[in-house]
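Enquirer: The sequence shown begins at 32 in the numbering used here and counts up one residue at a time.
A virtual CB, placed ideally from N, CA and C, is assigned to each residue, including glycine.
Given the structure is predicted, the values throughout are model-derived calculations rather than measurements.
Here it is, the structure in full.
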Amino acid sequence: MNPIALKIRKLREIHNYPQEYVAFQLGVSQAAYSKKETGRTELSLTVLQQVATLYGISLVDLISLTLQDLIVHAVKQQVS
């Protein structure tokens, strides 16, 4: 699986958001979002920026942090 796609799936799971909610926030259908999250379609920088904003992280962190570091960062945000 695409590492960025895996990151956005894990972020959604950490925040307990259904795919429908994230899709609505991004202005796409749930089916279209599912394809992005599973790596079947490419993620544009615009979509990545929208995802980063939704989860309160920077685009740089979304792209550059390892999955493990991103999970730690997201969990810390949840408890603070």
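Give every residue of the same chain whose Cβ lies closer than 6 angstroms to the Cβ of Gln56, excluding the five residues on either side of it in the sequence, and list them in chain order.
Expert: Excluding sequence neighbours, Gln56 sits near Leu85.
Enquirer: Buried or exposed: Glu44, going by 16 or more other Cβ atoms within 10 Å of its Cβ?
Expert: exposed
Enquirer: Can you tell me whether Thr84 is helix, strand or coil according to DSSP?
Expert: Helix.
Enquirer: If you compare alpha carbons, which of Asn47, Asn33, Ala54 is closest to Ala105?
Expert: The candidate whose alpha carbon is nearest that of Ala105 is Asn47.
Enquirer: Should Leu79 and Leu98 be called a contact, given that it needs their Cβ atoms to be closer than 8 angstroms?
Expert: no
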